[in-house]
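A.B. asks:
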Amino acid sequence: MTREHTARHWIDGEWATSSETSESVNPATGDVIGTYTEADTAVGQAAIDAAARAFAESSWRVDPMVRAAALSHLADGYEARMGEVIDTLCEENGKLKGEAGFETHFILRALRFAAGLAVHPHGHVTDTAPGKQAMSIRQPVGVAGIIVPWNSPAYLCVRALAPALAAGCTAVVKMPGQAARTAALMSEILSSVPELPKGAVNVVIESGAEVASLLVDSPDVPVISYTGSTRTGRIIGQNAAAHFKRVGLELGGKTPHLVFADADLDAALATAVQSCTVFAGQFCMTGSRILVQREIAEEFTAALAARLESVRPGPAADPGSQMGPLIDKASVARVDGAVEAALAAGAKAIVRGGPSTAPELAGGAFYHPTLLSVSDSSLPIVQEETFGPVQTIQVFDTEEEAIALANDSEYGLSACVWSQDVNRPMRVARQLEAGLISINSWANLTVEFEEGGFKSSGVGRLGGLASVEDFLEYKQIVQDYAPAH
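Next up, the structure:
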């Protein structure tokens, strides 16, 4: 689907433009599919001002029933236009239709769960002595700055926005230029919700970081929620510290599959391939590290290689496509450079993959899956997030060695354990340094439970009851009163 108008910002309940425009490009074809207005600091400040006014002057922050209704109706709005959301992701984000459907199905669950959170009692009260009561109440902190990545923009925006609204915050959402048309469609859906006050949610689009930096630096934005790279997350954390801001960060990952000799190999192989090719490996939970027990290593490696070699990249418009493109050709060059560096450092190519040479895919940013055998965990290809369809494979002998290899990483977002033993998966899961452990599965997310990373994969949690924590402040109130005699 191609939206006919230039994608614009949504500020204070109105469409807004700016002087500079950029082009939206379909990464599967290289075709220009539209234009969008680029936000600058003036646009960003207008969005902050609108959110601050809505927080101060409307009843949004003190009316949980209105917030619950708004979130519920926002879910209805998304449900009514879900086909458009999916088509937009396929066209500007490069996802295959099934992958876009996988991303978007989380949106409705997140919004409806957050509608319940809006009226969930967050405080408590007790008598501390005769004639004295103490209470702890929770109040929204104010304007939330939400900085969204391009790789799963529809859901990852809602994942942070929903609990922020449930808590009573207003928001400025910074959407990336690569998701400009998703941003415009989201703004249309937001505009259909009658309970949302003008300025409660403001959406700006930019390909750079001018507005993102403004949100982090502004004293009028007390909380930042960011999903993206660890490198940028560190910068945000450092800069936000000047104002002692709340910062929620979901950052990079390097998900290992721990495949034990007693695993269901067919299930593990099918999922390992999927974990490399979904979103073309542009996913913070991409299964980029395969750790396999020695007894089955030769068999598993050969079977995995055969499956990866048979993966057919192509556009979403082709129903035979099995993997979509990278977001742009610069990413193709970056991923291939990382593979070349790994080979030069001693990794061995089991499946070389690489940039597609198929004439029919020449206009797109396609990259065939790659599998590298490694024995040195210190190689950058093992330690650093590749953000592409590249897997490394290492062999282990014992359970303890598998755990040590899996934990030998600065990242700790997710991990997978493959074993049919009744005890081993839970025993291993408790020792892995990661925020999500999928047993005999991969990226098995549950919106109603907390999600986030250990170590350099971030701080804070989204999803579950804890998702509102970054957006709420505690306040203790103590009252002396005359007791009845």
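Numbering-wise (our numbering), the sequence shown opens with residue 2 and increments by one.
Cβ atoms here follow ideal geometry from the backbone N, Cα and C, with glycine treated the same way.
#1: Could you compute how far the alpha carbon of Glu508 sits from the alpha carbon of Gly321?
#2: From Thr7 to Gly459, what does the alpha carbon distance come to, in whole angstroms?
#3: What is the C-beta distance between Val159 and Ala111, in whole angstroms, given that I count them as a contact (C-beta under 8 Å)?
#4: Between Phe56 and Ser376, what straight-line distance do the alpha-carbon atoms span, to the nearest angstrom?
#5: Who are the Cβ neighbours of Val448 in its own chain at under 7 Å, not counting the five residues just before and after it?
#6: Met427 lies in the alpha helix (DSSP H); which residues open and close that run?
#7: Name, in chain order, the residues that DSSP records as bridge partners for Pro177.
#8: For Lys199, which three-state DSSP category applies?
#9: To the nearest angstrom, report how far apart Val217 and Asn240 are at their CA atoms.
#10: Based on DSSP bridge pairs, tell me the residues matched to Phe397.
#11: Please report the straight-line C-alpha distance between Val340 and Asp422, rounded to a whole angstrom.
#12: Looking only at its own chain, which residues have a Cβ that is under 7 Å from the Cβ of Gly453, when we skip the five neighbours before and after it?
#13: What is the rounded straight-line gap between the Cα of Gln179 and the Cα of Ser25?
#14: For Ala281 versus Pro390, is the C-beta distance shorter than 8 Å?
#15: Determine the burial state of Ala243: buried for a count of at least 16 other Cβ atoms within 10 Å of its Cβ, exposed for fewer.
#16: Going along the chain, which unbroken runs of the beta strand (DSSP E) with 3 or more residues stay wholly within the region 13-80?
#17: Between Ala53 and the rest of its own chain, which residues show a CB-CB distance below 6 Å, the 5 nearest in sequence each way excluded?
#18: Could you tell me the alpha carbon to alpha carbon distance between Glu21 and Arg9, rounded to whole angstroms?
#19: Relative to the alpha-carbon of Val31, which residue among Gly234, Ala366 and Pro314 has its alpha-carbon at the smallest distance?
#20: If we count the other Cβ atoms within 10 Å of its Cβ and call it buried at 16 or more, is Pro131 buried or exposed?
#21: Helix, strand or coil: which one does DSSP assign to Leu252?
#22: Comparing C-alpha positions only, which one of Gln46, Ile438 and Ala318 sits nearest to Phe455?
#23: For the ligand SAM, is there a heavy atom less than 7 Å away from the beta-carbon of Thr30?
#24: For Gly249, is the classification buried or exposed, using 16 other Cβ atoms within 10 angstroms of its Cβ as the cut-off for buried?
#25: Just checking my contact of Gln1 with Trp61 at CB under 8 Å: how many whole Å lie between their CB atoms?
#26: Compare the C-alpha of Asn445 against each of Leu215, Gln46 and Glu104 and name the closest.
#27: DSSP puts Lys456 in a beta bridge; with which residues?
#28: Between which two residues does the alpha helix (DSSP H) holding Gln275 run?
#29: Val159 lies in the alpha helix (DSSP H); which residues open and close that run?
#30: Which residues does DSSP pair with Thr171 in a beta bridge?
#31: Can you tell which of Val479, Val260, Ala307 and Ala306 has the C-alpha that lies nearest to the C-alpha of Ile297?
#32: Tell whether a beta-carbon distance below 8 Å holds between Phe284 and Asn152.
#33: Identify, in the order they occur along the chain, each residue of the same chain with its Cβ nearer than 7 Å to the Cβ of Arg428, setting aside the five sequence neighbours on each side.
#34: Can you give me the Cβ contacts of Val333 inside the same chain, cut-off strictly under 7 Å, excluding the 5 residues immediately before and after it?
#35: Quick check: what's the CA-CA separation for Asp41 versus Ile147?
#36: In this structure, does DSSP put His106 in helix, strand or coil?
C.D. replies: On the basis of the supplied data:
#1: Lying before the first or after the last residue shown, residue 508 is absent from the chain, which here runs from 2 to 486.
#2: Taking the sequence shown and counting its residues from 1, the one referred to as residue 7 is at position 6. Taking the sequence shown and counting its residues from 1, the one referred to as residue 459 is at position 458. Roughly 35 Å between the two C-alpha positions.
#3: Here residue 159 refers to the residue found at position 158 when the sequence shown is read from its first residue. Here residue 111 refers to the residue found at position 110 when the sequence shown is read from its first residue. Their Cβ separation, rounded to whole angstroms, is 5 Å, which keeps Val159 and Ala111 in contact under 8 Å.
#4: To locate residue 56, count along the sequence shown from 1; it is residue 55. To locate residue 376, count along the sequence shown from 1; it is residue 375. Between Phe56 and Ser376, the C-alpha separation is close to 55 Å.
#5: Translated into the one-based positions of the sequence shown, residue 448 becomes position 447. So the list reads Phe107, Arg110, Ala111, Phe114 and Gly464, once near-sequence residues are dropped.
#6: Position 426 of the sequence shown, counting from 1, holds the residue named residue 427. Taken as a continuous stretch (DSSP letters only), the alpha helix (DSSP H) holding Met427 covers Arg425 to Ala430.
#7: As a first step, residue 177 is located in the sequence shown; it is residue number 176 there, counting from the start. DSSP lists Glu207 as partners of Pro177.
#8: Counted from its first residue, the sequence shown places residue 199 at position 198. The answer is coil: DSSP assigns Lys199 none of H, G, I, E or B.
#9: Working through the sequence shown from its first residue, we reach residue 217 at position 216. Working through the sequence shown from its first residue, we reach residue 240 at position 239. So the two alpha carbons sit approximately 7 Å from each other.
#10: Position 396 of the sequence shown holds residue 397. DSSP lists Gln294 as partners of Phe397.
#11: The residue given as residue 340 occupies position 339 in the sequence shown. The residue given as residue 422 occupies position 421 in the sequence shown. Cα to Cα, the separation comes out at about 35 Å.
#12: As a working mapping, residue 453 is identified with position 452 in the sequence shown. Glu251, Gly436, Gly459, Gly461, Arg462 and Leu463.
#13: Taking the sequence shown and counting its residues from 1, the one referred to as residue 179 is at position 178. Taking the sequence shown and counting its residues from 1, the one referred to as residue 25 is at position 24. A straight line joining the alpha-carbon of Gln179 with that of Ser25 spans about 7 Å.
#14: Translated into positions along the sequence shown, residue 281 becomes position 280. Translated into positions along the sequence shown, residue 390 becomes position 389. A contact, by the Cβ cut-off of 8 Å.
#15: Reading the sequence shown from its first residue, position 242 is the one you call residue 243. Exposed, since its Cβ has fewer than 16 Cβ neighbours within 10 Å.
#16: 15-17, 22-26 and 33-38
#17: Within the sequence shown, numbered from 1, the residue matching residue 53 stands at position 52. Only Val144 and Asp221 meet the Cβ criterion.
#18: Here residue 21 corresponds to residue number 20 of the sequence shown, with the count starting at 1. Here residue 9 corresponds to residue number 8 of the sequence shown, with the count starting at 1. Rounded to whole angstroms, Glu21 to Arg9 spans 11 Å at the Cα level.
#19: For this step, residue 31 is matched to residue 30 along the sequence shown. Sequence inspection shows Gly at residue 31; the Val mentioned does not correspond to that position. It is Ala366.
#20: On the sequence shown, position 130 is the one that residue 131 refers to. Exposed.
#21: Indexing the sequence shown from 1 puts residue 252 at position 251. Reduced to three states, the DSSP call for Leu252 is coil.
#22: Along the sequence shown, one-based indexing puts residue 455 at 454. The option with the nearest alpha carbon to Phe455 is Ile438.
#23: The ligand SAM is not part of the structure shown, which contains no ligands of any sort.
#24: To locate residue 249, count along the sequence shown from 1; it is residue 248. For Gly249, the number of other beta carbons within 10 angstroms of its own is at least 16, and it is reported as buried.
#25: For residue 1 there is no data in the structure shown, the boundaries of the chain being 2 and 486.
#26: The sequence position of residue 445 within the sequence shown is 444, counting from 1. Cα-wise, what sits closest to Asn445 is Glu104.
#27: Taking the sequence shown and counting its residues from 1, the one referred to as residue 456 is at position 455. Answer by DSSP bridge pairing, in chain order: Tyr412.
#28: For the purposes of this step, residue 275 is identified with residue 274 of the sequence shown, where counting begins at 1. Note, Gln275: alpha helix (DSSP H), Leu266 to Thr278.
#29: Taking the sequence shown and counting its residues from 1, the one referred to as residue 159 is at position 158. Pro154 to Ala168 is the span of the alpha helix (DSSP H), which, as asked, contains Val159.
#30: In the sequence shown, residue 171 corresponds to position 170, counting from 1. Answer is Val144.
#31: Within the sequence shown, numbered from 1, the residue matching residue 297 stands at position 296. Ranking the options by Cα distance to Ile297, first place goes to Val260.
#32: Numbered from 1 along the sequence shown, position 283 holds the residue referred to as residue 284. Numbered from 1 along the sequence shown, position 151 holds the residue referred to as residue 152. Taking 8 Å as the cut-off, the Cβ atoms of Phe284 and Asn152 count as close.
#33: Residue mapping note: residue 428 aligns to position 427 of the sequence shown, counting from 1. No residues qualify anywhere along the chain.
#34: For this step, residue 333 is matched to residue 332 along the sequence shown. These residues qualify, in order along the chain: Leu327, Pro356, Ala366 and Tyr368.
#35: Position 40 of the sequence shown, counted from the start, is the residue given in the question as residue 41. Position 146 of the sequence shown, counted from the start, is the residue given in the question as residue 147. One C-alpha to the other measures close to 16 Å.
#36: Along the sequence shown, read from residue 1 onward, the residue named residue 106 stands at position 105. Helix.
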